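K.L.:
When we follow my numbering, the leftmost residue of the sequence shown carries the number -7, and every step to the right adds one.
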Amino acid sequence: MPSEDEIHVDRFLEQLRVERGLSANTLESYAADLRALLASLDEEGVSITEASEGDLAAHLVSLSRAGLSARTQARHLAAVRGFFRFLVEERVRRDDPTELLTNPKTISRLPDVLSQDEVMRLLEAPPTTHPRGIRDRAMLYLMYATGLRVSELVGLELVDLRLDEGFVSIFGKGGKRRLVPLGDAAAEALEPYLREVRPAWAKPSERKVFLTSRREPMTRQAFWKLIKRYARDAAIRKEVSPHKLRHSFATHLLWNGADLRVVQTLLGHADISTTEVYTHVGEDRLDRIHELYHPRG
């Protein structure tokens, strides 16, 4: 059964066939380009309704690194632009994240990340005087500590928390499990939620870790809204999303000397080229530091 994203792609291709009369070969090329986009977004647990400009730029950078010609990249960008314009016209999205994307030769915008100070302000934004704040703080700390996709975060079950060992067991893309270190800060944030809040909200048979006060599992959409609210509370001017926190997790690890293969494993990426996008973010930061501090910069 096709996913909702795949259905939107099929509708877009049908519109191109009927209204613009594109050839079968061109339509097949567009279909291949958009399938590649969906696969890239799906690897990161992002849907087309959630994808940001940074997500799309990261995907385009990965095409360049894969050695695709500038002409092929330009066609791919045209397909992506047309698709997102279609989504806006159909009111699937309110905004068009491709508006500021440039041609493959000049793409320089990479996954935007939060600074380490911004992350700390975000993590400390939930009020711990309220059960929901205790839950939200636990979720934010856990996401930044582990780099989970939002779908993995809300899908966590109690059996996945191996607190005595200091690990979280993640059931990720492709049905693969991976172990991710939890860290002391995230464990401390989880402890009051698991001890005080969750027992009051959980039905006897409930296995999911994160619940709402209505005794239902937390959803991706609900977490998306709360992270944006806390970003406003923390006076963070950047656009903040669950995926940006995951970007920040990976980038901060690399800034602090982590091996790229280790980051690949922690993120659950099947292909190292997906992870390599984050090295560009680190290189961009190094360029700025060199320019600022080097006497001949």
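We put the CB at the ideal spot given by N, CA and C, even for glycine.
Only a predicted model underlies this, so the values are computations on that prediction, with no experimental measurement involved.
Can you grab the Cα-Cα spacing for the pair I99 / D156, in whole Å?
P.N.:
Because I99 sits at a pLDDT of 45, beneath the cut-off of 50, its placement in the model cannot be relied upon, and the point is left open.
K.L.:
Per DSSP, which residues does F163 bridge with? Please list them.
P.N.:
Answer is R169.
K.L.:
Would you tell me roughly how many angstroms separate the C-alpha atoms of R77 and A214, rounded to the nearest one?
P.N.:
Taking the straight line joining both Cα atoms gives about 26 angstroms.
K.L.:
May I have the straight-line CA-CA distance separating L48 from V38, to the nearest angstrom?
P.N.:
The alpha-carbon atoms of L48 and V38 are separated by roughly 11 angstroms.
K.L.:
For E149, which residues from the same chain have a beta carbon less than 7 angstroms from its beta carbon, with the 5 sequence-adjacent residues on both sides left out?
P.N.:
The residues are R199, K200, V201.
K.L.:
Measure the C-alpha to C-alpha separation of K97 and G59 and round it to an integer number of angstroms.
P.N.:
At K97, the pLDDT of 48 sits below 50, so the modelled position is not reliable; the number obtained from the coordinates is stated separately. If you take the alpha carbons of K97 and G59, they lie about 13 angstroms apart.
K.L.:
Can you name the start and end residues of the alpha helix (DSSP H) that P184 belongs to?
P.N.:
Where P184 is concerned, the enclosing alpha helix (DSSP H) stretches over 176 to 184.
K.L.:
Got a sec? Which residues, its chain only, sit under 7 angstroms from T41 by beta carbon, not counting five neighbours each side?
P.N.:
Closer than 7 angstroms at the Cβ level, and outside the excluded window around T41, lie V84, R85.
K.L.:
Kindly list the residues whose CB is nearer than 8 angstroms to the CB of R169, restricted to its own chain and excluding five residues on each side of it in sequence; keep chain order.
P.N.:
These residues qualify, in order along the chain: S161, I162, F163.
K.L.:
Quick one, which of Q256, A181, S197, A23 has its alpha-carbon nearest E5's?
P.N.:
First, the amino acid is wrong: residue 5 is Leu here, not Glu. Ranking Q256, A181, S197, A23 by Cα distance to L5 puts A23 first.
K.L.:
So for P118, helix, strand or coil by DSSP?
P.N.:
The answer is coil: DSSP assigns P118 none of H, G, I, E or B.
K.L.:
Are the segment 169 to 187 and the segment 103 to 110 touching, with three or more C-beta to C-beta distances below 8 angstroms?
P.N.:
They do not touch, by the three-pair rule.
K.L.:
Helix, strand or coil: which one does DSSP assign to K236?
P.N.:
Three-state DSSP puts K236 in a helix.
K.L.:
Would you mind working out which of A66, T90, I219, G249 sits nearest F75, comparing C-alpha positions?
P.N.:
The option with the nearest alpha carbon to F75 is T90.
K.L.:
Please name the residue, chosen from K217, F241, L246, that lies closest to S332 on a Cα-to-Cα basis.
P.N.:
Missing from the structure shown is residue 332; the chain here goes from -7 to 289 and no further.
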